[in-house]
Structure formats: C-alpha cells, structure tokens
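Down below is the structure, laid out as structure tokens.
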Amino acid sequence: MAKIRAALEKVIPPLQQWHGPKTSELLRTPGKFGLGQVPEKCQPDATTNVVCGFCSTGCGLNIHLKDGKAVGLTPSTDYPVNLGMACPKGWEALTPLEADDRATTPMIRKQRGGELEPVSWESAMSSFCSNFKNIQQEHGDESVAFISTGQIVTEEMAFLGALAKFGMGIRHGDGNTRQCMATSVVAYKQSFGFDAPPYTYQDFEESDVIVLIGSNLCIAHPIMWQRIERNKHNPEIIVVDPRKTETAVAATQHFPILPKSDLYFLYGLARVLIENGWVDEQWIAQHTNEYEAFCSHVQTFTAEQVEQQSGITAEQMLKLAETIHRGERVSFWWTMGVNQSHEGVRTAQAIINLALMTGNIGRPGTGANSITGQCNAMGSRLFSNTTNLLGGHDFANSEHRAKVAKILEIDEDRIPRELGMAYDQIVEGIHAGKIKGLWVLATNGSHSWIHQERYKEAMEKLDYLVVQDMYSTTETAQQADLILPAAGWAEKDGVFINSERRIGLVKKVAEAPAEALSDFNIFKLISHYWGCAEMFKKWSTPEATFKLLAELSQDQPCDFSGVTGYRMVDDLGGVQWPCKPSDVAGLASDNQRRLFTYNLFYHTDSKAKFIFAEPTEVAEPTSKEYPFVLLTGRGTSAQWHTETRTKKSAVLRKLYPASIYIEIHPDDAERLAITPNSLIKVKSRRATIEVTASVTPSVFPGQLFMPMHYAKANQLTQASFDPYSRQPSYKFCAVEIVV
Ligand SMILES: Nc1nc2c(c(=O)[nH]1)N[C@H]1C(S)=C(S)[C@@H](COP(=O)(O)OP(=O)(O)OC[C@H]3O[C@@H](n4cnc5c(=O)[nH]c(N)nc54)[C@H](O)[C@@H]3O)O[C@H]1N2
Ligand SMILES: Nc1nc2c(c(=O)[nH]1)N[C@H]1C(S)=C(S)[C@@H](COP(=O)(O)OP(=O)(O)OC[C@H]3O[C@@H](n4cnc5c(=O)[nH]c(N)nc54)[C@H](O)[C@@H]3O)O[C@H]1N2
Ligand code: SF4
Ligand SMILES: [Mo]
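Numbering (this note's numbering), first residue to last: 1 to 739.
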C-alpha cells in the first residue's frame with residue numbers, strides 16, 4: 001500500500017504558491033505517469049483566502065494554517081462578496097472533511113448484491129476501463145454516459161467533459177446543473193444571445209426596488225440577503241412566492257401567488273405597466289426586438305383572468321406596477337421557484353421582459369438576474385462540455401469546433417457535432433436499454449433526482465455504475481459497482497465561478513484522506529489507463545488547465561483571457577468575466593462590474609428579444625383524490641442538498657429537525673384533525689411516506705411544503721420537465737394526506 005500511495009502522491013499537483021514559494025521554486029519530479037509535481041515543502045503557518053464550496057454566493061473564507069494544514073477559518077473581511085460575513089455552512093466548511101464515512105480507497109462490488117470491497121487504484125482503473133470499453137464495444141459508444149455536477153472546480157469540470165467526450169468517445173453526459181440552472185441558460189441564450197447573468201452583488205445595495213421571484217434568499221443565499229440589508233436606499237423589497245417564507249416575512253410586499261401561476265401574474269403585470277404608459281418606449285425601440293407582438297400578447301391577460309389564476313387582485317397588481325414605475329433602479333431576481341417549473345424558460349423570460357420594457361438593465365441596481373445555486377453552477381454552465389462546447393461554444397458550429405481543437409491540439413473529429421442527451425433522457429435511456437454504463441460524479445441522484453424510485457431502478461438496471469464521491473455512504477454510492485474516492489473542497493486547487501460571474505480561487509489547504517485523489521488526478525489516471533493521456537498533455541496541472549480555459553474563452557462573451565493565472569485571481573479578490581487583457585488595468589479600482597452597460601446584447605444585431613408564450617397546464621394538477629399541492633425546496637440555511645456534507649457537523653445538525661417534516665396550514669390541520677408534530681402519511685401517485693406534521697401558516701391552505709434534504713422527499717415528486725430546458729419541475733405535484 002505504501003508503495004502505491006507513494007506513486008499516487010506523485011500525480012498530486014503542487015500546493016499552490018499564493019503566499020508560499022513560487023512554482024519555479026517547487027521541486028519538479030515527474031510522477032509515475034509523467035503527470036505531476038510534488039511540493040518541496042508544506043505551506044508555512046499563515047492565513048490564506050479560499051472561496052466557500054457550498055453555495056453560489058462564493059464567499060471568501062480565511063483559512064488559518066498550521067504546518068501547512070487548515071486548523072480553522074473565519075470569513076474574509078476584504079473579499080468583495082461577503083465583506084466579513086458567512087452563513088453557518090461556511091463557518092462549518094472544514095468539518096465534513098474529517099467525517100468517518102469518507103471514501104478512502106477505491107471499492108469494487110464483485111457481484112450484484114455483494115459487499116463493496118476495498119481495492120487498489122490499479123485494480124479500480126482496470127475495472128473502470130475494461131467494463132466501459134467492453135460495453136462500448138458491444139453496444140456502441142453511445143451506451144456509456146456520465147452525470148456530473150456544479151460542485152467541482154472549473155478545471156475538473158472541463159477535464160471531465162473533454163476526457164469523456166473527446167477521449168473516451170462518450171456522447172451523452174449531463175450536469176447536475178440540469179436540476180438547477182438549465183432554465184436560466186436557455187432563457188438567457190434566447191433573450192440575450194448568450195448565457196449571461198448580468199449583475200454584480202453591489203446591485204443588491206444600489207436598487208431602490210428589489211423584486212425576488214421564487215427565491216428564498218434568507219435561507220438559500222443568506223449573505224446575498226445581508227447585502228440587501230446593507231442597502232442605504234430604504235428599498236422596497238417585493239417577494240413573489242406562494243409561501244410566506246423567511247424572505248417574504250422580511251419583505252415590504254409579499255405576493256403569495258398560487259403555485260405555477262407565475263406566467264399569468266407576470267404577463268398581467270406587464271399589461272398594467274403598458275396600459276399606464278410606465279414603459280421606456282425609446283429604449284425599447286433602440287435595443288430590443290418583438291416588443292409590439294409582446295404588447296398584443298399581454299393584452300389578453302385581463303385583471304379578472306390574472307386574479308382567477310394567480311389569486312392576485314387588480315388593486316394589488318396596480319400597487320406593484322406603481323412601485324416598479326416609481327423605482328429609479330429596479331432589479332428583478334429569480335431562483336428555483338421559477339427554474340423548476342413545467343414552463344420555467346418562458347417564466348424566466350417574462351421576468352427578463354419586465355426588465356427590458358422598463359429599461360432596468362445595464363445600470364447600477366437594475367437587471368434581470370438569475371441567482372445560481374451551487375458553488376460552481378456558472379463554471380459548469382460554460383465549461384462542462386455538456387450544454388455548451390467548452391467555453392460557451394456550440395458543438396454544431398464548425399468554426400467553434402476548429403477553434404477548440406486547435407487550442408487543445410486535438411483532432412477536430414474527436415469533437416461531437418451535436419449536444420448529447422439531457423439528464424432525464426439518460427435516465428430513460430437506461431430504462432430503454434440503450435445506456436448500459438454510467439459514471440456519476442459529485443452528485444447524488446438517488447436522493448436528489450425527481451421521482452426517485454425510477455432513478456434508483458435505472459441504477460439497478462445498469463451493467464456497470466461508477467460513483468466518484470467524497471463519501472462511500474451516499475444513496476448513489478451504495479448502488480455502485482465501483483466507487484472512486486475523491487478529495488473534496490479545500491483538498492485541491494481550482495476556480496469556481498459564482499452568481500455574479502466572479503472567478504474565485506479554491507486552494508489545497510487540507511490533505512485528502514488515505515488514497516482519495518482530487519477529481520483532477522482521477523481524470524489523469526483514467527486518461528492514462530484508457531490510453532488517451534497524450535490528448536491531455538497540455539492539462540498538466542489545474543493552473544495549466546485554467547490557462548487553457550482562459551485561451552478557449554477568448555472572443556466569447558465570457559472572455560477571461562486577461563486573467564494570467566491563479567495569483568491574479570487571488571490578488572484581485574476574484575475576477576468577474578469578461579476580463580480581456582484590455583480590462584485588466586481597471587480592475588484594481590473597479591471590481592464590481594455588470595453587463596450591458598452599453599446596451600449591447602449578444603444577438604448579431606446587438607438587440608435583446610422579447611419572448612413569450614401561452615401558459616400551459618401543469619403535468620399533474622390536483623384532483624379530488626390528490627387535493628394538495630406539494631412544494632419542495634430548501635429547509636434551513638444549515639442544510640445542504642442531500643446532506644452528505646452538512647449532516648457531518650454537530651453544530652449544523654442542531655440547527656434543523658433531525659427527521660423529515662412537512663409544513664401544513666393550521667386550517668387544513670384542524671380539518672384533518674392533525675396535531676402539531678404528529679406523524680402523518682403523505683401519498684402521491686408514486687409513493688406514500690411518513691412525515692412529521694409542522695403546522696404553520698407559512699404555507700397556504702391546500703398547499704404543503706417539504707424540504708428536499710431528507711432522502712424520502714423525492715419519492716413523492718412527479719417527473720415532468722420544462723420542454724425547452726428539460727429542467728425538472730420539482731415544485732409541483734399532487735398529493736393527499738392519509739389520516
Ligand atoms: N441552505 C442552503 N442553501 C442553498 C442550497 C441548499 O441546499 N441549502 N442549495 C443551493 C442551490 S443548488 C440552489 S439551486 C438554491 C435554491 O435557492 P431557492 O430557489 O431560493 O430555494 P428553494 O427553496 O428551492 O425555492 C425557492 C422558493 O420557490 C418557491 N416556489 C415554489 N413554487 C413556486 C411557484 O410556482 N412560483 C414562485 N414564484 N415561487 C415558487 C418556494 O416556495 C421557495 O420558497 O439554493 C442554494 N443555496
Ligand atoms: N424535491 C426537490 N429535489 C431537488 C431540488 C428541490 O428543490 N426539490 N433541488 C434540486 C437542485 S436545485 C439541486 S442543485 C440538486 C442537488 O442535488 P445533488 O447534486 O445530488 O446534491 P448534493 O448533496 O450536493 O450532492 C453532491 C455530491 O457530491 C459529493 N461531493 C462534494 N464535493 C465533491 C468533490 O469535490 N468531488 C466529488 N467527486 N464529489 C464531491 C457530495 O458528497 C455529494 O454526494 O437537487 C435537486 N433536487
Ligand atoms: S452564503 Fe454560501 S458561499 Fe457564503 S458562507 Fe454560506 S454557503 Fe458559503
Ligand atoms: Mo441547485
């Protein structure tokens with residue numbers, strides 16, 4: 001073991017040099033595979049800033065080091081994102097690294113139903129390559145797929161996409177971001193011509209009207225909420241959410257629309273703005289297309305119809321429209337209440353339309369702003385090689401393929417000419433017997449994917465399932481044939497891109513346990529054993545890869561070719577894209593930049609486009625048999641998704657209920673004789689589960705809310721998707737309470 005460990009250490013790239021020795025001073029030792037470098041010495045006792053690895057806010061955390069190892073952390077006071085603040089997860093970020101259930105060696109299940117047994121990396125690699133190659137030989141390249149994440153660093157995200165699609169011939173691969181961001185990606189691409197959230201966090205402080213749609217900022221992005229708290233303009237804070245959330249309670253106006261009535265509500269609002277002349281005609285004429293058609297479209301959304309569909313009266317709507325009209329700097333923000341809908345894309349575009357028609361874009365405190373979710377959602381959107389060719393390029397565009405092939409020095413024919421299947425199509429492809437092998441990385445679909453049973457059954461149907469994770473105990477890892485043990489956040493180097501497009505640095509400040517390797521090094525090992533290492537010779541270290549990605553981004557809207565390396569990112573407190581070489585000089589004095597300041601959008605005529613459609617019916621409306629709407633989402637600021645990390649902290653565990661609960665309105669509880677904290681059964685067409693009743697007026701009668709963090713939640717959800725983005729509609733299904 002010691003020999004293997006020593007060999008493996010040689011593929012681990014160096015501790016970086018933000019405050020330590022320069023790269024050139026580090027000892028360069030070619031590794032066993034000719035891939036890596038070994039640091040000469042550990043970092044001295046010091047403090048170094050890294051970006052948090054939970055949510056997309058991307059707070060800076062000062063990691064305090066002793067003998068080069070992290071011993072504690074405090075929020076950075078000089079990082080432009082969080083200004084000295086952190087939420088409970090950030091404060092506890094180092095704790096999950098120490099957990100007992102870390103995956104410490106590769107593990108193989110020799111036969112179905114058998115136990116997972118530890119094996120060497122050599123055996124693991126040989127199993128990985130022989131199984132996937134055999135499947136591809138027998139059933140074609142298309143029969144192996146991967147599902148990844150928005151939570152590994154951008155360099156790893158890109159390496160995975162390139163290795164899988166260019167190196168291994170895999171055609172179908174998707175990111176966890178499909179669960180989360182696909183709607184915003186499509187909405188922005190169609191409306192603006194590129195996937196480009198335009199804002200900077202300073203906008204939270206500069207708006208005088210802040211409109212939050214389907215976003216529970218206080219829980220899901222607490223530090224963004226703190227930025228609103230710092231706003232000196234006494235802003236109107238408007239929340240559009242069916243529930244009386246923590247954010248709705250803190251707002252100045254709450255519009256508790258009926259679930260999934262957003263399109264009626266937003267088109268109705270647009271009509272009132274137009275009828276009162278509260279629109280910026282001149283700006284619209286100069287910078288947009290399709291406005292006339294949009295005006296005729298919204299005429300049909302009468303006050304009566306809007307009230308009937310959304311529950312919002314004409315009087316309430318007029319008040320909202322007036323507030324927006326009076327605002328000089330109005331910003332519109334949305335998150336999963338919009339994206340996770342059967343018509344998410346058109347809903348997001350209805351929000352974009354409001355910003356365009358009122359001229360609220362490109363100026364401080366304005367914008368049509370999609371808030372991202374995971375720490376590297378934005379990195380995944382642009383660089384995972386799934387929904388875009390690396391760097392926001394297009395697989396179908398031959399010039400783009402030629403550019404990427406030239407920079408990577410690979411044969412252009414290795415680049416697929418079309419997008420692969422989306423996440424749900426991969427799952428259904430498994431059921432249909434088309435996909436036989438699956439590689440799941442840094443995501444836990446057996447807990448988080450919609451209609452859980454169908455996902456779990458798909459995993460069982462596979463000939464071969466590989467799970468690459470920090471922990472061997474996740475629901476998905478428990479179904480694996482092979483587990484590859486991964487280093488986690490702070491055990492490796494790379495960059496995340498946060499919600500405001502800021503590239504921020506993650507550094508290796510802790511050792512991964514035993515034989516666990518960074519995802520980057522796992523990809524290197526795979527490329528070696530697969531026989532395509534030659535293709536990735538330019539991807540020698542995370543930083544070399546970062547520079548490749550910067551080169552790939554050149555001339556794209558997300559161009560960051562002015563960023564010369566990690567040290568620059570570190571010195572500047574993160575860098576927002578775009579950052580061309582000509583932008584660099586201004587960065588030191590202006591590190592809060594927004595897009596569209598010159599009203600130039602990314603379509604060929606530089607104009608933005610009004611896009612709209614008729615509302616459609618939800619896939620599973622309530623009925624006599626299933627009379628309640630089930631909403632799902634985030635429970636507390638201390639819980640992260642499927643809880644593989646946050647449940648490892650005793651501090652965080654104290655901040656939320658230990659077992660699954662459901663929120664129900666007091667009137668419904670009384671009618672059904674449900675007492676607070678009693679166990680009740682909730683039934684959907686998929687499953688019946690037992691949960692604790694939390695009786696609270698935060699939900700309205702006829703609606704229930706369940707946090708997604710408990711494993712059972714997705715047993716109930718119904719698999720329906722937005723037709724354009726294929727994002728799951730997690731926030732609506734019909735259920736009943738069995739008394
Ligand atoms: N503590 C914590 N923070 C997180 C995460 C976490 O797991 N824990 N996850 C991160 C990730 S990946 C994401 S994507 C974000 C998600 O951040 P948010 O989207 O803010 O969180 P959710 O609770 O999923 O959903 C937001 C709100 O949508 C509302 N909603 C439901 N249906 C509708 C509807 O039809 N219309 C409207 N207008 N609203 C509706 C819900 O009531 C809910 O309050 O959070 C990020 N931050
Ligand atoms: N009902 C319902 N379901 C939902 C949602 C909802 O609102 N309602 N929200 C959806 C949304 S928006 C999201 S983003 C998803 C989240 O769903 P998931 O992505 O499945 O959630 P996580 O628990 O964050 O899973 C990340 C996994 O990666 C592992 N990991 C962490 N860091 C690393 C690393 O560096 N390398 C490797 N290899 N592994 C690592 C963790 O241990 C964990 O197993 O859930 C979705 N599911
Ligand atoms: S708000 Fe998000 S980025 Fe900031 S400390 Fe909390 S989890 Fe980390
Ligand atoms: Mo998400």
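Glycine included, C-beta positions come from ideal geometry on N, C-alpha and C.
According to DSSP, residues forming a beta bridge with residue i
i      : result
SER56  : DSSP, once it has assigned bridges, lists no residue as partnering SER56.
ILE817 : Lying outside 1 to 739, the shown extent of the chain, residue 817 is not represented and no answer is given.
ILE135 : DSSP lists no partner for ILE135.
ILE664 : VAL695, LEU704
ASN714 : In DSSP, ASN714 forms no bridge with anything.
ASN741 : Residue 741 is absent from the model: the chain starts at 1 and stops at 739.
PRO728 : PHE721
CYS733 : LEU630
TYR464 : GLY437
GLY429 : DSSP lists no partner for GLY429.
TYR471 : ARG102
PHE496 : GLY504
ALA46  : LEU65
Under the three-state DSSP convention, the category residue i falls into
i      : result
GLY36  : For GLY36, the predicted model reports a pLDDT of 34, less than 50, meaning its position is unreliable; a value from the coordinates is still stated below. Coil.
LEU549 : helix
PHE523 : helix
THR347 : helix
GLY337 : helix
ALA70  : strand
MET378 : helix
TRP489 : coil
TYR79  : coil
PHE610 : coil
HIS233 : coil
ALA2   : Unreliable placement is indicated for ALA2, whose pLDDT of 44 sits below 50; the coordinate value is still reported in the next sentence. Residue state, collapsed to three classes: helix.
SER331 : strand
TRP577 : coil
GLN316 : helix
LEU15  : Bear in mind that the predicted position of LEU15 carries a pLDDT of just 33, short of 50, making it unreliable; the figure below should be weighed with that in mind. LEU15 falls in the coil class under three-state DSSP.
SER145 : Residue 145 is actually Ala in this sequence, not Ser. It is a strand residue.
TRP539 : coil
ILE410 : coil
GLU690 : strand
THR646 : helix
ALA321 : helix
PHE128 : helix
SER24  : The predicted position of SER24 is uncertain, since its pLDDT is 27 and thus under 50; no value can be drawn from it.
Anticipated Cβ contact below 8 Å, residue i with residue j, distance rounded
i      : j      : result
PHE496 : GLY58  : 6 Å
GLN744 : ALA486 : The displayed coordinates of the chain run from 1 to 739. Any statement about residue 744 would go beyond what the structure contains.
ASN714 : GLN452 : 4 Å
LYS89  : TRP530 : That belief does not hold up - the Cβ atoms of LYS89 and TRP530 are roughly 36 Å apart, past 8 Å.
LEU419 : LEU552 : The Cβ separation is near 18 Å, so there is no contact.
ASN376 : MET157 : 7 Å
LEU263 : LEU354 : No, LEU263 and LEU354 are not in contact; Cβ-Cβ is about 12 Å, not under 8 Å.
LEU655 : ARG243 : LEU655 to ARG243, Cβ: 20 Å. No contact.
ALA103 : ALA516 : 6 Å
VAL209 : GLY327 : 3 Å
CYS52  : ALA99  : The pair is not a contact, with the Cβ atoms about 18 Å apart (cut-off 8 Å).
THR443 : THR696 : Not a contact, Cβ separation roughly 31 Å.
Nearest residue (CA-CA) to residue i, options the options
i      : options                        : result
GLY494 : CYS532, VAL569, VAL440         : VAL569
ALA658 : ASP667, ASN677, LEU672, ALA673 : ASN677
MET168 : PHE128, SER184, CYS180, ARG243 : PHE128
ARG593 : PRO513, ASP667, GLU500, ALA477 : GLU500
VAL584 : THR597, ILE108, GLY565, TYR602 : GLY565
ILE361 : PHE732, THR717, SER207, SER684 : SER207
MET421 : ILE664, ASP174, PHE383         : ASP174
GLY344 : VAL427, PRO259, ILE324, ALA321 : PRO259
THR95  : VAL691, PHE700, ILE680, SER649 : SER649
GLU663 : THR47, ARG645, THR692, GLN111  : THR692
SER331 : GLN305, ALA544, THR358         : THR358
>> If we require 3 or more residues per run, which beta strand (DSSP E) segments fall completely within the stretch 77-115?
In response: Counting only runs of 3 or more, we get 107-109.
> What are the uninterrupted segments assigned as alpha helix (DSSP H) that are 4 or more residues long and contained completely in the stretch 195-229, given in chain order?
Replying inline: Runs of the alpha helix (DSSP H) inside the stretch 195-229: 202-206, 217-220, 222-229.
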